[in-house]
Amino acid sequence: MAKQVDTSPEYPWYQGNSRLVDVSVQGKWLAAHIAQIGIIMVWVGLNTFSENQAFDPSLPMYDQGLVLIPHLAAEGFGIGPGGVVTNTFVYTQVGAIHMVAGLILLAGAYFHGK
Numbered sequence: 019m020a021k022q023v024d025t026s027p028e029y030p031w032y033q034g035n036s037r038l039v040d041v042s043v044q045g046k047w048l049a050a051h052i053a054q055i056g057i058i059m060v061w062v063g064l065n066t067f068s069e070n071q072a073f074d075p076s077l078p079m080y081d082q083g084l085v086l087i088p089h090l091a092a093e094g095f096g097i098g099p100g101g102v103v104t105n106t107f108v109y110t111q112v113g114a115i116h117m118v119a120g121l122i123l124l125a126g127a128y129f130h131g132k
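For the sequence shown, the working numbering gives the first residue as 19, with consecutive numbering after it.
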């Protein structure tokens, strides 16, 4: 007589990711997290574009209410001699890279959610 194997074990609620044992849920879980990363990257790209458009080099960054460009400047992007912003096109490039990467991630989320 063959021994019957239990293919649907019950896991207690505290067992971590045991809810992902069901294969039908795994794709949606992955898609949700990929989409979250994609949305954040698109937001960063759009806000970098927006801040770059409103940036006035004659005023200090902290007076303009900027959030993302000061962090890029702290990393050395677009900064010339004396710590002055000399090239704002770099900020446009960073925003574009984030937009493209975010859209690729959203496409991947759509693919995994199917």
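Every residue, glycine too, gets a C-beta built ideally from N, C-alpha and C.
Query, Result
"Report back the beta-carbon spacing between residue 45 and residue 120 to the nearest angstrom; my notes put them in contact at under 8 angstroms.", "In fact, because the Cβ distance is near 20 angstroms, the residues do not count as touching under 8 angstroms."
"If I measure Cβ to Cβ from residue 84 and keep anything under 6 angstroms in the same chain, skipping five residues before and after, which residues do I get?", "69"
"Can you tell me whether DSSP reads residue 103 as helix, strand or coil?", "strand"
"When we look at the beta-carbon of residue 113 and count the other beta-carbons within 10 Å, is it buried (16 or more) or exposed?", "buried"
"Between the Cα of residue 89 and those of 103, 21 and 131, spot the shortest distance and give me the residue it belongs to.", "103"
"Could you tell me the alpha carbon to alpha carbon distance between residue 60 and residue 21, rounded to whole angstroms?", "54 angstroms"
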